[in-house]
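Below you'll find the structure, written out as structure tokens, and then a few comments.
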Amino acid sequence: MANFSDMEKRHQAFFNSVMKAMTWGGAAVIALVAVMALTLIRHH
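Just remember that this note's numbering sits 10 ahead of the position in the sequence shown, which is counted from 1.
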């Protein structure tokens with residue numbers, strides 16, 4: 011049971027880090043798209 015618990019903890023930590031990376035990645039993509047849109051609008 012101890013082994014399973016340890017594996018579960020590792021899985022949870024991995025899942026949390028993946029969620030954080032996805033959140034930051036999503037925010038970065040949204041910011042990039044917004045900057046590109048603003049640039050296009052300013053050029054036109």
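Cβ atoms here follow ideal geometry from the backbone N, Cα and C, with glycine treated the same way.
Separation of residue 46 and residue 53 (C-alpha to C-alpha, rounded to the nearest whole angstrom) is 11 Å. Between residue 17 and residue 40, the alpha-carbon positions lie close to 34 Å from each other.
Rounded to whole angstroms, residue 51 and residue 37 show a C-alpha spacing of 21 Å.
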